[in-house]
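Participant:
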Amino acid sequence: MSQQPSEEAEELTPNDRQRQLIDSTEGIYLVDAGPGTGKTFAVTRRYANIIDQPAVDPEDVLLVTFTRSAATEMKERIVDHADYSMRQLADAPIQTFHSHCHDILREHGHAAPSHLGLDGRITGSTQVIEDELVETKLFREFFDQFRDDHPEYADFYRALSTPTELLELVGELAAKGVFPTAEGWYRDGEAILDGDFAAFKERFDAVNQPRNGGSKQSQLRDGLSRFGRNKTYLPDAPSKSDLRGSRGTKQLDDAVARDVFEEDRTDLKAFVHDLYFEYLAFALQRNYLNFGFLQLFAFVCLCENPQLREKARFEYVMVDEFQDTSEIQFKLALLLAGTDNLCVVGDWKQSIYSFQYADVDNIIEFRDRLASFAADLNSDADRVDFDMDAIERIPLEENYRSTQTLIDISEEALVTPATSSEEVDTSILDDVVNLNSNAPFDNTTLAGYQHEDDHEAVLSLVQDIVGNDDYAVRGDDGSRRPPRYEDIAVFTRTRDFGRELMDIAAVYDFPIAYDGGVELFRTDPAKLLLAWLRILDSDADRGWAVVLEQAGYTLDEVDHILETGDYPETMRTFRDGLDSMAAVGAIARRVFDRYGCDGDYADVILHTIQAIHDSTTLTRGELIQFIERGIEAGATHEIHTSAGEDSVTVQTIHAAKGLEYPIVILANMNDGRFPPSSGNSPTISYQDPVGLRQRKLYAEIDDHAHPHVYHNWRYDVLRKCLPREYDEERRLLYVAITRAENHAFFVGGDDPNTFLEELPVALDQIDPVVEAVDREATAQAELPFAVRTPDGPIGHTPHSLMDDSVFDDAGESREVSADPDGEARGIDFGSRVHDFAEAYALGEDVSPSNEHERRIVDLLDGLSGELHVEEPVVLPLDVDGERVTISGIADLVHVTADTVEIIDYKTDRTRHAQPEYRKQLSVYYHVLSEWFDGCRVNAAIFYTSNGNREPIEPLSLADLRAVVRSQMPS
DNA sequence: CCGATAAACCTTTTT
DNA sequence: GGTTTATCGG
């Protein structure tokens, strides 16, 4: 284990640089130092040093940490070295920004909303919403109301893929310090939304330089070689050749920069403003705040109230993990600093939380940002009044964790190309302080392995490592000893891979524990609870099927019982007992009791239900909906399992931050790119430095007067000027490697990614042979994971009947990919959505209980001639007595008294003229014909591009049946 | 070197 | 549906 920042810290002596940081308590200090250099160790000692001064009390010192658990750990370490007890430090401000903001608001926040022109008040009873799902639910409720109140923004609603993207936008703006007021925007908020042309122009110029000494076109011009392809722009867009110049032109005209930047965004800003402001009002009225709003209101009242500022200030401010702070947090730190005794500690190379609004420039550009943020804050009042010219940088160059070989390879990772064509700027290595290892010996192994069974390869590697003297690690006394299971950590980028690995490890009885977030609603206790709720709700087959299967009934028996409704007596009695209970929490507890679910999962589920129950009233139907959404969204909850005595740890790289292990296996370096393709961007987003932009537009110009979604050509050009950087992916790799003390292994599958090939590491083949582990002999820990039962043939098991995500996944993957073994399965049997649509269409007494069903209702209720745009459509069709369901999104469904028209616009000729898409259209066509008997049904797919429309013909019913039949499982 | 086409891919997580 | 890389032909 590491020598310095460990539990037995009292025996350790700081090195000279650390001593300098610990002793220099007055003035501004920046420590931007690598992993294992004892930053946290030094901060802890520094804090102890400060509070041991007679004139200083703990309440004079603010120490900010990244997580609550880090705060607790910090306190424990301080107690060891200061003349204070844990009890005396209990209320000391050693906490996260969020919880400190919460404290400020609880005490002084009553009037904070009024500074923005909001009516509400923040009181001691105002709740902080911690659960993302809970907030999503509340936001949806708000948005439904907002949509009704503001029909003038209809064009924006149409372009959205989901309302949740607006919630994300609000969160991002709050982290950037952009707040709405009753009149407009707070302070310089609007300027930030407008963007910064000069800063943009720099980025534009950087990518618009001809390459290879002028012989090769610029990266930007190259990037626009497919401008307008597969897209439709409004007529004001320039043609591709207007934009790029004629063949042989090497760069874009300077005027283009001005043209793309300047766009009338008045309406967009008005929409975002009203949405943001009214959501704040909604939250206050419902008496809750989210994490972002905590910081927002704390910032506002500190800004507006000089007396409070005076009161809230600290004599000393220290921030750990500074690379993970956001812009608003940097500014909060300045407002809270009463003197220039400011100390920030971090490592720019370990900034991997940009999705959480962390801004790595806070640490890289510390000096400039400090000056410019202070100037912003001081523009109209003296808010930050200490001298900030003297900034002392303290380098820490001694690494107490890893061997020199590991340190060197980790730095290589920072300049390893992420794709075969990427040109990495190696000059960043100039900013890397080369660390010196003080490991007592360096027997480092660095190896890469590649095998198609990469899960097995990982386990096989673990087997090979444990007890093997070739991979000796450092014992507590510094001597060599053979490795144990507990010395090894397996890091993955995705939880999914970790869970798969756990499943396979379970087969071999491997001593292995997963640490981190779990998709709670996809666990067995949640599924059982959902099943019983559905039974209570409507005696639903999907509920009974699960319960019966769980009780051991065979599929045939289940079928029979469902058909006859002859449920076992004990189950009926249990149901009736549940039915008499009012509170959903009590129902859940009773269900878990019945099945003996007393583990971590059940606890967290109960806790979650309790949490939503506290903030909203919760009926059974709403709980069903909540769990269904949780399943759909893959919502995760942290599970704290006791790690066990001697077991391998599996965790995501993100979760491993701050930890260290003798041996690290970086798994899952396969399946194409380690840096994933960027995927779908939100329709409305904020991006530095171009400000607030809209990706898609909505307008009505079409020969047939059909509305259509258009792309924003300016946005398409703008984002090519801000090319995707893989720096954060490299930093992720860096973080993973630097967790290791002694050995690092990299394992990839069939198709290894570029990192695995480009890292200067020996790449070997591995022949995975995994043997069952004798757990008696090794005294294993309990597996924290239940082994998942295989899903079986999709569409047939009760589990798949009730699990919407299975239905969705299945529908998607099977729709587009032909099974290589020729066993194509193109059929979805019995989805609940299907049943609902059918029942509703037949006029039965049913009401919608989820998003899909509401949309079906919208679709069918549209007979008056309403126009529905971008509506998901789920339609059933019988083929040879088998039910076929197809789901998708049609661009336009137009229903009048005597016609039904459905139109799907496609943009990609090479893909969308394929039979699969024609089949999709054909199903729409024939089903609508059945539903709307007597109506004239038109259905069409158009290939559209720059105003052209080419119809794609549907299949005849006979051809459709043939296609569907050929895809059925035999 | 440039443009067109085909094919593969689709996170991470804390407050 | 959208984005990115690989590949091929001129």
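Just so you know, the first sequence maps onto residues 69 to 1038 in the working numbering.
Backbone N, C-alpha and C fix where the C-beta goes; we use that ideal spot for every residue, glycine too.
Tell me whether the region 540–547 and the region 829–843 touch, counting them as touching only if at least three CB pairs, one residue from each stretch, are closer than 8 Å.
Facilitator: No: fewer than three Cβ pairs fall under 8 Å.
Participant: Mapping the DSSP letters down to three states, classify R951 as helix, strand or coil.
Facilitator: Residue placement at R951 is poorly supported in this model, since its pLDDT is 48, which falls under 50; the coordinates still yield a value, given next. Strand at R951.
Participant: Do you know whose CA, among L228, I603, S749, H722, lies nearest L688's CA?
Facilitator: Reading off the sequence shown, one finds Arg at residue 688, where the question assumed Leu. Minimum Cα distance to R688 is reached at I603.
Participant: How would you write the range of the alpha helix (DSSP H) that I118 sits in, first residue to last?
Facilitator: It spans 107–119 - the alpha helix (DSSP H) in which I118 sits, taken as one unbroken run.
Participant: Between the beta-carbon of P551 and the beta-carbon of I533, is there less than 7 Å?
Facilitator: Yes. Within cutoff.
Participant: Does the Cβ of N504 have 16 or more other Cβ atoms within 10 Å, making it buried, or fewer, making it exposed?
Facilitator: N504 should be labelled exposed.
Participant: Which residue marks the beginning of the beta strand (DSSP E) containing I260, and which one marks its end?
Facilitator: I260 -> not in any beta strand (DSSP E); alpha helix (DSSP H) instead, spanning 257–262.
Participant: Given a cut-off of 7 Å on the beta-carbon distance, is the pair D815 and A525 in contact?
Facilitator: Checking the sequence shown, residue 815 turns out to be Val, not Asp. In contact: V815 and A525 (Cβ atoms closer than 7 Å).
Participant: Report yes or no: do the region 217–229 and the region 750–757 share at least 3 C-beta pairs separated by less than 8 Å?
Facilitator: Taking 8 Å as the limit for Cβ pairs, the verdict is that the region 750–757 does touch the region 217–229.
Participant: May I ask you to verify whether the region 513–523 touches the region 828–842, counting CB pairs closer than 8 Å and requiring at least 3?
Facilitator: Touching, per the Cβ criterion.
Participant: Can you tell me which residues form a DSSP beta bridge with L131?
Facilitator: Paired residues: I162, M386.
Participant: To the nearest angstrom, report how far apart L320 and F390 are at their CA atoms.
Facilitator: One C-alpha to the other measures close to 39 Å.
Participant: Going along the chain, which unbroken runs of the alpha helix (DSSP H) with 4 or more residues stay wholly within the region 461–497?
Facilitator: List check, alpha helix (DSSP H) in window: 472–481.
Participant: If you draw a straight line from the C-alpha of V368 to the C-alpha of F359, how long is it?
Facilitator: Going by the C-alpha atoms only, they are around 15 Å apart.
Participant: If you follow the alpha helix (DSSP H) that R315 is part of, which residue opens it and which one closes it?
Facilitator: R315 -> no alpha helix (DSSP H), and no H or E assigned at all.
Participant: Assuming the contact rule is C-beta atoms closer than 8 Å, L302 and Y778 should be a hit. Round their C-beta distance to whole Å, please.
Facilitator: At roughly 5 Å, the Cβ-Cβ gap stays under 8 Å, so L302 and Y778 are in contact.
Participant: Distance check for A723 and T81, CA to CA, integer angstroms please.
Facilitator: Taking the straight line from one Cα to the other gives about 29 Å.
Participant: Per DSSP, what kind of secondary structure is F1073 in: helix, strand or coil?
Facilitator: Residue 1073 lies beyond the residue range present for the chain, which begins at 69 and ends at 1038; the question has no answer from this structure.
Participant: Which residue from D510, Y356, D120, A557 puts its Cα closest to that of Q156?
Facilitator: Looking at the Cα atoms, D120 is the closest of the given residues.
Participant: Label A1026 either buried or exposed according to how many other C-beta atoms from any shown protein chain fall within 10 Å of its C-beta, with 16 as the threshold for buried.
Facilitator: By the neighbour-count rule (16 or more Cβ atoms within 10 Å), A1026 is not buried but exposed.
Participant: Leaving out the 5 sequence neighbours to the left and right, which residues in its chain are closer than 6 Å to F434 when beta-carbon positions are compared?
Facilitator: Only L98 meet the Cβ criterion.
Participant: Please report the residue range of the alpha helix (DSSP H) in which C665 lies.
Facilitator: C665 -> no alpha helix (DSSP H), and no H or E assigned at all.
Participant: Throw me the rounded Cβ distance for the L686 and V652 pair, which I believe falls under 8 Å.
Facilitator: Yes, L686 and V652 are in contact; Cβ-Cβ is about 6 Å, under 8 Å.
Participant: Please name the residue, chosen from R548, T487, D538, that lies closest to A507 on a Cα-to-Cα basis.
Facilitator: With distances taken between Cα atoms, A507 lies closest to R548.
Participant: What does a CB cutoff of less than 6 Å around P248 pick up in its chain, not counting 5 residues either side in sequence?
Facilitator: So the list reads H341, Y344, F345, once near-sequence residues are dropped.
Participant: Buried or exposed: which applies to M386, given that a residue is buried once 16 or more other Cβ atoms fall within 10 Å of its Cβ?
Facilitator: It is buried - the Cβ of M386 has at least 16 other Cβ atoms within 10 Å.
Participant: By a C-beta neighbour count over all protein chains shown, 10 Å radius and 16 as the cutoff for buried, is K284 buried or exposed?
Facilitator: Its Cβ having fewer than 16 others within 10 Å, K284 is exposed.
Participant: When the Cα atoms are used, what is the spatial distance from R461 to L348?
Facilitator: So the two alpha carbons sit approximately 40 Å from each other.
Participant: On the criterion of 16 or more Cβ atoms from any shown chain inside 10 Å, does M737 qualify as buried, or is it exposed?
Facilitator: Label assigned to M737: buried.
Participant: Give me the Cα-Cα distance between P181 and G188, rounded to the nearest whole angstrom.
Facilitator: Each residue's Cα considered, the two are about 6 Å apart.
Participant: List in chain order: all unbroken alpha helix (DSSP H) runs of 4+ residues lying wholly within the region 174–233.
Facilitator: The qualifying runs are 200–217, 222–227.
Participant: Grouping DSSP H, G and I as helix and E and B as strand, with all else coil, what is D455?
Facilitator: DSSP places D455 in coil when its eight states are reduced to three.
Participant: DSSP three-state call for Q391: helix, strand or coil?
Facilitator: Of the three classes helix, strand and coil, the one that applies to Q391 here is helix, per DSSP.
Participant: Candidates T704, D624, P730: which alpha carbon is nearest D555's?
Facilitator: Of the listed residues, the one whose Cα sits closest to D555 is P730.
Participant: Check for me: the beta strand (DSSP E) holding D100 runs from which residue to which?
Facilitator: Unbroken beta strand (DSSP E) run through D100: 96–100.
Participant: Can the beta-carbon of A116 be found less than 7 Å from the beta-carbon of A158?
Facilitator: No.
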